[in-house]
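These protein sequence lines map, in sequence, to chains R and L. The first sequence begins at 1 in full-length UniProt numbering and counts up one residue at a time. The second sequence begins at 1 in full-length UniProt numbering and counts up one residue at a time. Written out below as structure tokens is the structure these notes cover.
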Amino acid sequence: MSGFSDNIMRLSGRMLSQYLAQRDWDGKLTRAPHPGIIPTCSIVILSDNLPKQEIMKWNGWGYSDSKFLYNKKGQAEFTGKRYRLSGMIIPGLREWMESTFGANLQHKTPAAPILNSSAVQPPTLNEAFLKELKSTGIPFSHDAEDRVFRSHGHCLHEIFALREGKIGRVPDLVVWPNCHNDVVKIVELACKHNVCLMPYGGGTSVSSALECPPEETRSIVSLDTSQMNRILWIDEKNLTAHVEAGIVGQDLERLLNESGYCTGHEPDSMEFSSLGGWVATRASGMKKNIYGNIEDLVVHIKMVTPQGVIEKSCQGPRMSTGPDVHHFIMGSEGTLGVVTEVTMKIRPMPEYQKYGSVVFPNFEMGVACLREVARQRCAPASIRLMDNEQFKFGHALKPQVSSIFTSFLDGLKKFYITKFKGFDPNRLCVATLLFEGDREKVLQHEKQVYDIAAKFGGLAAGEDNGQRGYMLTFVIAYLRVVLGFKYTLLVLDICRNVKARIVRECKDKGVQFPPLSTCRVTQTYDAGACVYFYFAFNYRGLSDPVHVYEQVEHAAREEILANGGSLSHHHGVGKLRKEWMRETISSVGMGMLRSVKDYVDPNNIFGNRNLL
Amino acid sequence: MLWSYCHSGTRKSLFNINTRELSEVVVIGSTASLKDEEEFTDILEERRCTTDLGYALRTFNPQPYKGAPSSSTSDLKKAVLESQYLRYIIALETGSSVEKVRQEARGILEEMSHNLQLGFIRLMAYTVNKVFKRLFRSIYVNMEGLNMLQQAIQESPVILMPNHRSYVDFLIVSFILFTYDIPIPVIAAGIPLASMKVVGEILRRSGAFFIRRAIGSDKLYWAVLSEYVRTIVRTGCAPLEFYVEGFRSRTLKSVVPKLGMMDMVLEPYFKGEVFDITLVPISISYDRVVEESLLALELLGVPKPKESTTGLFKASRVLQEDYGCMHVNFGRPLSVRQLCEGKINRSEYNLIPRDLPQRPSTEIQDCVNWVAHLIVRTQEEGSLISPWSLMACLLLQAPITTLTEEGLQWHGLTEKTLWLRKLVLDFRGRLNWPDSDVMSSTVALHHSIVHHKAGRVCLVQDGDPASQDPLSPEEGVMRTAAAVLMLVSYRNQALHVFVRPGILATAIHITKSTQKDELFSFFCFLRDVFANEFIFIPGRASQDFDEACSLLQKCGAVHMSEQEVTVLETGLEVLSFLQKLLQPFLDSYQLIFRYLCENGAHVFTEKQFLPAVQNLATKLILSGDLHTFEVLSSDTQKNVLSALRRLEAVTKLRVNNNILSIADPYFFGKYIAIDVLLMTEIMNKRAL
């Protein structure tokens, strides 16, 4: 979509080509990624998933089989089987798209269907490095698809370029270490031969962090951690688990669940993002109210740097030993080294989970309610507040209902809220809730929250709406372009100003239809909140929509900072937000980070140029 | 759904034009003025055909600001009293109990608060309508401006910023907005109005809120006032109207803007509490000002009558007179966001809760100052110059004896006025030039100042029957001064068109230089000295200079090359007119500088200063050494003092008399100390 333009394209009924699997993964790497290279270690993959590359889109978000498209009857449909919405017809979406953006079936922009290998520059290989790497037996590849797949995250401009078949600087080589020691070897070799290393986890970055610096002349090696995906041990006495950093969120949760535990860390990208990536970007999970953000969850980190391995000597949950060195690692965005193993806190799986939702007459009341919840420190595992635009979007994504009874009930609910309670459908907003814990406490907790909500004019709107709200979070990424995040005290002012700025900038830049400019409060803190802004526009008639998108995003970010928001709540800085770092953390702060980098990595082996 | 469906879309297009306009203004000054063929509509015409009562009871259904809650006056007061800001300030006030301070704050708020009620708006509209129909032949309003205002009001909080030349304009904006179904503003007014019996209350209910004059260091008062103003802006519950000049201009010349209100009004934008604020400059011009004679007397030191209801009734004899036409020109709405873009960094407010007071950085203060000056300049550019103002310019250039005794030749005057009309058009001034028989009707309208008999025009001197006793020479000077100052105030209405080229003409006259850079530096010096007298937008000296050059070139007065400015033969008339136009200001400033230097008056009180200058000036006028009466005006004297303080030639001190004062402010004296050295430097630099 640009935000949405992307979506619109995807919706335009084009099947994206499947990435052609080159390798036959079946628990084992049976065929070398590149002829002539014999893998020396066989990998036991704990996950029963197919390896990612095969089932993922190479030029868009998520699974290849899951996408929005218009079916033969012209109705919107979400394909695949992976989500609750999958395989459903979504009757309201088309109308919403048309009325919100003026998007229609006649205007589509097809994506380049198949990766054209000839568009990819031949790799710059460091022969000496390659030779020694071969001798270690660590699998690697310089196949074009492998390289392109690891050359980007999911920023709009990255995806847009791929869809148009434009491919810039990509890594020259991909290596798949299997364990901590493999990483040590790779880093040693990289230092020895002055090769640039770029760690790659889930590839879900939205901060241009995976973009290869075009000015980099050395050979760039993408270090893919995906094979380091084992849980090495679980300590049930201390409630910790020691895990390899390449594990993907959903696998980690599933495997822990098998033992009756969970980490509770559920960022919206958890289907694809990796533990190492969470640590490297200071990730935040949806249920942080109970489990905490990544910095609260991590007990011990092992990271391989050009200077050697850094780790603490014990697994104590807290230490008073000067500044916490973990905080140099968390948020380092791959500039200092590769996180290989992490000890995380785990919790017994909750006995009971319950979704919920509350409708408020307007966003202001919703925010006031969230503040009261924060004041009483009684936030459920997750509480999110969507603004009116997003409420309508959620409504548009409602699947076709099968029974007349359900649609009758829906009508009745709508009547009750708008006519009987007098809510203005153009102002009302909805909060979605997720409670976790033992059944009795959940019910008690639920009552407390609903009581508070009632004081702010909130009406309980059912479990189903709540659950759909969370499902949307995952699905929205398929339609997505996310803009910014921030963390602030003045939720109301900032929301209004940033949304208004987006609308105004779009208009200024010649966008023909009013954009979708919407936000939701995704996290509450005692001292503030995290607000997620989405915007999307129809780029028909624009010669350079990506540039317009970037200008608007830039303006919106300036607006966020001017209104007291932070540069990033959890996506990190990457290269996209670097220009604001100095004003964000002061020159001295920059100097501190710089000197750490200079000590740990004087030759800039980890040369992705993020952050600083 | 196209943009037009979207509110911000329509507003945006409004601002697009407006930035272009503005950037032009920024580059070359008064561009806006040329296209003054805008349609003005006489709003009284329709009023004369319908019944007053019917009009007052018309359906009033305005489109308010889209974000505005429907809040009552008491909601507003409650919001102010319960604000975190006020609670913080109250907690800081030590010495008495919190409850007592809160009580005091409540009292201040009661005294201040407006109590806007539609019923009273109708009453106001009824009365004002009646009065205006009596006073004025027509009230012209530009409909395009009103349309833009109507749109702007729905989009963001709107600040109406009229100039203030007469008591009459206090309710004119409300009256027009009522007529055209636009939300009625709340208006900042001076507290004396509130104390008028009955009328004060009517004004309050028509939307006036009242501000004390000398607030000084009363922190609680400042806090209540600023929170009150900010809450109005923040909630957008009604458009806010205030006079950025601070008070009614007694000289009919624009007054250097006051920044207190401007600060309060803009702060919600700086702190991100609103997305944007719209400023609407409004220029009100009169053919004849109702209080003309009072103004001159006041300037000569006769105190203005206290605002009182009985006074108001006594003043009702003014209703018998004809005051010609009035023009109300609604300027283009200006977006504060766009004005401030690139000038300020709003993140300076990030580290202190926005509900708490924070002293703005100099960057912000400069920006506020700049915006305020820009507004006043825009008001100037939007005001219409009457033929009478041009005649006043010319009459004042005649020797005073000619004016008071034999009179000026009518024929010569009219011819010269037509010449001046052309010059004003060259200078892109807006003229109000009705077609037929302009000159004699305008002179007839101003029969209280001049009279036209037997082909000559003379100054009318106060026909007060007090002249049974022969006047002393000093009294004679004052009598003439009163008449001259009336004329001066009408001249002042046209001054803004001539100031920049006038200063350049003066620079050419004094330096005799043709070098552009030399002229520029003298231009800057004069601009600096006269910055309290005329409106110059800070930081735009070179644009002002370029504007002056291009205007003089345009009217054929000078030839410009890369380095040089050469006076053309054909331009002598223009240059001499311009130079003479500003001569009274030079003379006045020079006289006061001289007084301060020569009389050894190194420490003096303001109370001593004004009469002393007046005495000296009277003497010099009688001896024929001084040819201007303007130095007698207290306004000029005060401007000189402010200029000297700004130039750091004079320092204002508050000296506490040890014996008499134990924290009793009545025994504090205001002293002015002069730095003689700096003063001489200024004099020398002037080399006049």
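Note that beta-carbon positions come from the ideal geometry of N, C-alpha and C, so glycine has one too. Since the structure is predicted, the reported quantities are computational estimates derived from the model, not experimental observations.
How would you list, in chain order, the residues of chain R whose beta-carbon sits under 9 Å from the beta-carbon of residue 347(L)? As a position in the second sequence, residue 347(L) is number 347, starting the count at 1. Within chain R, the residues near residue 347(L) are 561, 562, 563, 564 and 583.
Discussion item. Could you check whether the Cβ of residue 483(R) sits closer than 8 Å to any Cβ belonging to chain L?
Written reply: Counted from its first residue, the first sequence places residue 483(R) at position 483. In this prediction, residue 483(R) has a pLDDT of 37, which is less than 50 and means its spatial position is unreliable; what the coordinates show is noted afterwards. False, the Cβ-Cβ gap to chain L never drops below 8 Å.
Counted within 10 angstroms of its Cβ, other Cβ atoms place residue 314(R) as buried (16 or more) or exposed: Reading the first sequence from its first residue, position 314 is the one you call residue 314(R). Exposed, by the Cβ-count rule.
Residue 431(R) versus 361(R), 256(R), 496(R) and 536(R), residue with shortest Cα-Cα distance: Taking the first residue of the first sequence as position 1, residue 431(R) is located at position 431. Comparing Cα positions, the closest option is 361(R).
* Are the C-beta of residue 12(L) and some C-beta of chain R separated by less than 8 Å? -> Numbered from 1 along the second sequence, position 12 holds the residue referred to as residue 12(L). Model confidence at residue 12(L) stands at a pLDDT of 37, short of 50, so the residue's coordinates are unreliable and nothing is read from them.
Query raised in the report: From 443(L), 384(L) and 369(L), pick the residue whose C-alpha is nearest to that of residue 391(L); which is it?
Result: Counting from 1 along the second sequence, the entry for residue 391(L) is found at position 391. Closest option to residue 391(L), Cα to Cα, is 443(L).
| Beta bridge counterpart(s) of residue 335(L) as assigned by DSSP | Looking up residue 335(L) in the second sequence gives position 335. 278(L).
- Message: Within 8 Å of any Cβ in chain L, is that where the Cβ of residue 427(R) sits?
- Response: In the first sequence, residue 427(R) corresponds to position 427, counting from 1. So, not an interface residue.
message = For residue 185(L) and residue 171(L), I'd like the C-alpha separation in whole angstroms.
response = Residue 185(L) sits at position 185 when you count from the first residue of the second sequence. Residue 171(L) sits at position 171 when you count from the first residue of the second sequence. Between residue 185(L) and residue 171(L), the alpha-carbon positions lie close to 10 Å from each other.
Worksheet item: Once you ignore the five residues that flank residue 146(L) on each side, which residues in its own chain have a CB closer than 8 Å to its CB?
Response: Along the second sequence, one-based indexing puts residue 146(L) at 146. Cβ neighbours of residue 146(L) within its own chain (closer than 8 Å, five residues either side excluded): 176, 180, 182 and 330.
Give the interface partners of residue 493(R) over in chain L, defined as CB-CB distance under 7 Å, in chain order. If you number the first sequence from 1, residue 493(R) lands on position 493. Result: 272 and 273.
The beta strand (DSSP E) that contains residue 278(R), what's its start and end? By one-based count along the first sequence, residue 278(R) stands at place 278. From DSSP, residue 278(R) is part of no beta strand (DSSP E) but of the alpha helix (DSSP H) over 275-281.
- Message: Buried or exposed, going by whether 16 or more other CB atoms sit within 10 Å of the CB of residue 233(R)?
- Response: The residue labelled residue 233(R) in the question sits at position 233 within the first sequence. Residue 233(R) comes out exposed.
Measuring only between beta-carbons, confirm whether residue 369(L) sits less than 8 Å from chain R.
By 1-based counting over the second sequence, the position of residue 369(L) is 369. No, residue 369(L) lies away from the interface with chain R (no Cβ there is under 8 Å from its Cβ).
- [ ] Return the residue from the list 429(L), 401(L), 428(L) and 387(L) that minimises the CA-CA distance to residue 415(L).
- [x] As a working mapping, residue 415(L) is identified with position 415 in the second sequence. When each option's Cα is compared against that of residue 415(L), the closest is 387(L).
* Asked: Less than 8 Å separating the beta-carbons of residue 156(L) and residue 277(L)?
  -> The count along the second sequence starts at 1 and reaches residue 156(L) at position 156. The count along the second sequence starts at 1 and reaches residue 277(L) at position 277. In this structure, residue 277(L) lies closer than 8 Å to residue 156(L) by Cβ.
| said: In the DSSP assignment, the alpha helix (DSSP H) including residue 635(L) goes from what residue to what residue? | reply: Working through the second sequence from its first residue, we reach residue 635(L) at position 635. It spans 634-646 - the alpha helix (DSSP H) in which residue 635(L) sits, taken as one unbroken run.
For this session: Give, in chain order, every residue of the segment 330-361 of chain L whose Cβ lies closer than 8 Å to some Cβ of chain R.
Result: 345, 346, 347, 349, 350, 353 and 354
Test: residue 497(R) CB closer than 8 Å to a CB of chain L:
As a first step, residue 497(R) is located in the first sequence; it is residue number 497 there, counting from the start. For residue 497(R), the answer is yes, since a Cβ of chain L falls inside 8 Å of its Cβ.
**Request:** Using a threshold of 8 Å, state whether the C-beta atoms of residue 189(R) and residue 223(R) are closer than that.
**Result:** For the purposes of this step, residue 189(R) is taken as the residue at position 189 of the first sequence. For the purposes of this step, residue 223(R) is taken as the residue at position 223 of the first sequence. It is not a contact, given that the beta carbons lie outside the stated cut-off.
Practice item. With residue 176(L) as the anchor, note down where its alpha helix (DSSP H) starts and where it stops. Key: Taking the second sequence and counting its residues from 1, the one referred to as residue 176(L) is at position 176. That run of the alpha helix (DSSP H) goes 172-179.
Practice problem: Look at the alpha carbon of residue 81(R) and the alpha carbon of residue 87(R), and state the distance between them as a whole number of angstroms. | Solution: Start at 1 with the first residue of the first sequence, and residue 81(R) comes out as number 81. Start at 1 with the first residue of the first sequence, and residue 87(R) comes out as number 87. Approximately 6 Å between the Cα atoms of the pair.
| Given residue 589(L), which residues of its chain have a CB within under 6 Å of its CB, disregarding the five upstream and five downstream residues? | The count along the second sequence starts at 1 and reaches residue 589(L) at position 589. Cβ contact annotation for residue 589(L) (same chain, cutoff 6 Å, sequence separation greater than five): 640, in chain order.
Residue 463(R) - DSSP class collapsed to helix/strand/coil: As a working note, residue 463(R) is residue 463 in the first sequence. In the structure shown, residue 463(R) sits in a helix (DSSP, three-state: H, G or I).
Relative to the alpha-carbon of residue 397(L), which residue among 40(L), 578(L) and 381(L) has its alpha-carbon at the smallest distance? By one-based count along the second sequence, residue 397(L) stands at place 397. Among 40(L), 578(L) and 381(L), the Cα nearest to that of residue 397(L) belongs to 578(L).
- prompt: What separation, rounded to the nearest whole angstrom, lies between the Cα atoms of residue 384(L) and residue 559(R)?
  reply: Here residue 384(L) refers to the residue found at position 384 of the second sequence. Here residue 559(R) refers to the residue found at position 559 of the first sequence. Taking the straight line from one Cα to the other gives about 40 Å.
**Prompt:** Three or more beta-carbon pairs under 8 Å between the segment 562-580 of chain R and the segment 588-607 of chain R, yes or no?
**Reply:** no
Item to complete: Decide if the segment 105-115 of chain L is in contact with the segment 209-219 of chain L; the criterion is three or more beta carbon pairs, one per stretch, under 8 Å apart.
Response: yes
With distances taken between CB atoms, is the gap from residue 284(R) to residue 570(R) smaller than 8 Å?
For this step, residue 284(R) is matched to residue 284 along the first sequence. For this step, residue 570(R) is matched to residue 570 along the first sequence. Yes.
| task | Put residue 493(R) into one of helix, strand or coil per three-state DSSP. | result | For this step, residue 493(R) is matched to residue 493 along the first sequence. Helix at residue 493(R).
Problem set entry | Rounded straight-line distance, which links the Cα of residue 271(R) to that of residue 262(R) | Along the first sequence, read from residue 1 onward, the residue named residue 262(R) stands at position 262. Along the first sequence, read from residue 1 onward, the residue named residue 271(R) stands at position 271. Computed Cα separation, rounded: 15 Å.
Pick helix, strand or coil for residue 516(R), following the three-state DSSP scheme. Counted from its first residue, the first sequence places residue 516(R) at position 516. Strand.
Helix, strand or coil for residue 529(R)? Go by DSSP, reduced to three states. Here residue 529(R) corresponds to residue number 529 of the first sequence, with the count starting at 1. DSSP places residue 529(R) in strand when its eight states are reduced to three.
Item to check | Start and end residues, alpha helix (DSSP H) containing residue 762(L) | outcome: Nothing about residue 762(L) can be reported from this structure: the residues present for chain L run from 1 to 688 only.
*Specify the secondary structure class of residue 381(L) as computed by DSSP and reduced to three states.*
Numbered from its first residue, the second sequence carries residue 381(L) at position 381. Helix.
Distance between residue 256(L) and residue 582(R) (C-alpha atoms, nearest Å):
Along the first sequence, one-based indexing puts residue 582(R) at 582. Along the second sequence, one-based indexing puts residue 256(L) at 256. Using only the alpha carbons, I get a separation of about 40 Å.
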